[in-house]
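With the first letter of the sequence shown counted as 1, position 58 gets the number 1366 in my numbering; the numbers rise by one all the way through. Quick notes on the structure that follows.
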Amino acid sequence: MKLSTIFRHPSLHALLKPTSAHAVEALDSLEITGVVEDSRLAKPGTLFVASAGEHVDGHAFIPDALARGAVAVIGTQPVGTEAISVPYFQVTDARKAAAWAAHVFHGEPSRDLQVIGV
């Protein structure tokens, strides 16, 4: 794991750079302290990922995640800027975006893996 990852959280821009997310404002200064898909786990500084499940749509829990301190949201549905007070990123696949954001947040651990086929 890189020392810079241990001592400094990545910016939201760094987490979302490889995804299809689009943002209007510069987000380099917004640091993310975690990536969660369960609004009950949201804490100050977290990135909340709202994805549609089999029985429940995570977009319904955006207000709960924001109340718990989430500073940004990724989702698949359009959300008006008047309905949400933090940066919102609409992507085509929220689960893929969550996986990539978590991968980058944790210092891209797969880069250090050695894969051997048998």
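For each residue, glycine too, the CB sits at the ideal point set by N, CA and C.
Original post:
Going by DSSP, what residues sit across from V1357 in a beta bridge?
Top reply: I1382
Subject >> F1413 (DSSP reduced to helix, strand or coil) >> reply: helix
Subject >> C-alpha gap between A1378 and I1424, whole angstroms >> reply: Spanning the two alpha carbons is a distance of roughly 39 Å.
Original post:
G1366 by DSSP, collapsed to three states: which one?
Top reply: helix
**OP:** Could you say if the stretch 1367-1385 and the stretch 1350-1358 meet the contact criterion of at least three C-beta pairs nearer than 8 Å?
**Re:** yes
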